[in-house]
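Asker: Before we start, here is the structure in question, set down as structure tokens.
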Amino acid sequence: MITRWRDKLTLLLLSSFKVNVARTLVYKACHPRVEPKLVFVFGCQRSGTTITQRLIELDPQVTSYGEGDAPYFYAWPERSNRLLDDEVVRVVLDREKSRRVLLKPLYESQRAEELLNAFPGSRGVWVFRNYRDVIASHRSYYQHRDPRAYVAPIIEGNSESWMGARCSEPLRDLLKALGEDELSVDDLYGLFWIARCELYWPLCDDSRVFLLDYDQLRESPRVKTEQLYDFLGLRFRPSYPRLVRAGRPGQHDEQQLHPLIRDYCEEVLSQLRGFSR
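Using this note's numbering, count along the sequence shown one by one with no gaps and you end on 278.
This is how it looks when you write it as structure tokens:
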């Protein structure tokens, strides 16, 4: 009984934003300032990037900023969730007192290699998740969004958009093959998942990037959290994995995916899983 209540209290404290802010402030006050290094969290939206961010920021030497958070992201509505220009980020970073500064610029995943090169000593964590769970999460979270309008930059090949930038040639071939086929909501979010996940390919041999399978994190929280912390040079504590809700990916047999899109998703997922082992 005592152990169970102790575990609940530990989880409550780990989940508390205010407690973690206080721990970080105490750490800053007790340790000399060093040149801060960036940790970027990249990947496809609805893939477990938020829990990954919260997991990393448990270390008190990490100061964390999510999408849209000042002072690293634009406040303008038309540039919502976009990272500030590199020069400005560098100026803001120079004022930090933490040893690690975590940024989650998912809208900049297409610039991942560029950002890692622009900030020497930085590290990236690329998170991916089973496409069926990502599609289901999009449908649930964005019930009032028009998915066709949302993924239009991908379908139309708009390389000026963050979403349409750097779409692969095979994906463009897939879109041509689909032609005028009627696409379901699942199809549209499946295309989005493909476009964002394929941005990882140029980084598959980059030692600065840790590829995190969100499903593996949920199945083996301690193993994956310890690996992640070791990669980032942070101090792992056995209590940290308790923040992760254990479980397995759903089946979602009811999803209506075009065979070409389903097969493409399966191929991309298989490749990602191969790189993450």
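Built from N, CA and C at the ideal position, the CB exists for glycine as well. If you're wondering where the values come from, they're calculated on a predicted model, not measured in any experiment.
Is there contact between the stretch 77 to 86 and the stretch 117 to 136, where contact requires at least three CB pairs shorter than 8 Å?
Answerer: With the cut-off at 8 Å, the stretch 77 to 86 and the stretch 117 to 136 do not touch.
Asker: Contact between the stretch 228 to 248 and the stretch 170 to 178 is defined here as three or more beta-carbon pairs at a separation below 8 Å; is this criterion met?
Answerer: Short answer: they don't touch.
Asker: Output the residue ranges of the alpha helix (DSSP H) runs that lie fully inside the stretch 27 to 108 and measure 4 residues or longer, sorted by chain position.
Answerer: Listed in chain order, the complete alpha helix (DSSP H) runs (minimum 4 residues) inside the stretch 27 to 108 are 50 to 57 and 87 to 95.
Asker: Under the rule that 16 or more other beta-carbon atoms within 10 Å means buried, what is residue 234, buried or exposed?
Answerer: Exposed, by the Cβ-count rule.
Asker: Going by DSSP, which residues form a beta bridge with residue 147?
Answerer: Answer by DSSP bridge pairing: none, since residue 147 is not bridged.
Asker: Report back the beta-carbon spacing between residue 144 and residue 107 to the nearest angstrom; my notes put them in contact at under 8 Å.
Answerer: In fact, because the Cβ distance is near 20 Å, the residues do not count as touching under 8 Å.
Asker: Taking contact to mean 3 or more Cβ pairs, one atom from each stretch, closer than 8 Å, check whether the stretch 126 to 146 and the stretch 199 to 216 are in contact.
Answerer: Touching, per the Cβ criterion.
Asker: Where does residue 188 fall in DSSP's three states?
Answerer: Helix at residue 188.
Asker: When the Cα atoms are used, what is the spatial distance from residue 236 to residue 94?
Answerer: Rounded to whole angstroms, residue 236 to residue 94 spans 22 Å at the Cα level.
Asker: Relative to the alpha-carbon of residue 200, which residue among 167, 224, 221 and 157 has its alpha-carbon at the smallest distance?
Answerer: Looking at the Cα atoms, 167 is the closest of the given residues.
Asker: So the beta strand (DSSP E) residue 125 belongs to, where does it begin and stop?
Answerer: From DSSP, the beta strand (DSSP E) with residue 125 extends over 124 to 129.
Asker: Taking the DSSP output, what are the residues bridged to residue 212?
Answerer: DSSP output for residue 212 lists 127 as bridge partner(s).
Asker: Which residues in the same chain as residue 239 place their Cβ atom closer than 8 Å to its Cβ, once the five residues preceding and following it in sequence are excluded?
Answerer: So the qualifying residues of the chain are 223.
Asker: Using the Cβ count rule (16 or more neighbours within 10 Å means buried), how would you classify residue 266?
Answerer: Burial call: buried.
Asker: For residue 67, which residues in the same chain have their Cβ closer than 8 Å to its Cβ, ignoring the five residues on either side in sequence?
Answerer: Result list for residue 67: 51, 54 and 105, in chain order.
Asker: Please work out which residues of its chain come closer than 7 Å, Cβ to Cβ, to residue 154, disregarding the five sequence neighbours upstream and downstream, and give them in chain order.
Answerer: Excluding positions up to five away in sequence, the list reads 162, 164 and 165.
Asker: Is the beta carbon of residue 135 less than 8 Å from the beta carbon of residue 194?
Answerer: Yes.
Asker: Measure the C-alpha to C-alpha separation of residue 263 and residue 191 and round it to an integer number of angstroms.
Answerer: One C-alpha to the other measures close to 8 Å.
Asker: Does the Cβ of residue 266 lie closer than 7 Å to at least one heavy atom of the ligand COA?
Answerer: For the ligand COA, the structure offers nothing, since it holds no ligand at all.
Asker: Should residue 260 be labelled buried (16 or more other beta-carbon atoms within 10 Å of its own) or exposed?
Answerer: Result: exposed.
Asker: Distance check for residue 227 and residue 221, CA to CA, integer angstroms please.
Answerer: Each residue's alpha carbon lies about 10 Å from the other.
Asker: Between the C-alpha atoms of residue 35 and residue 103, what's the straight-line distance to the nearest angstrom?
Answerer: Their backbone Cα atoms lie some 15 Å apart in a straight line.
Asker: Around the C-beta of residue 44, are 16 or more other C-beta atoms found within 10 angstroms, so that it is buried, or is it exposed?
Answerer: The residue in question, residue 44, is buried, as its Cβ has 16 or more Cβ neighbours within 10 Å.
Asker: Quick one: what does DSSP say residue 163 is sitting in, helix, strand or coil?
Answerer: Three-state result, residue 163: coil.
Asker: Alpha carbon to alpha carbon, how far is residue 57 from residue 97? Give it in angstroms, no decimals.
Answerer: Rounded to whole angstroms, residue 97 to residue 57 spans 17 Å at the Cα level.
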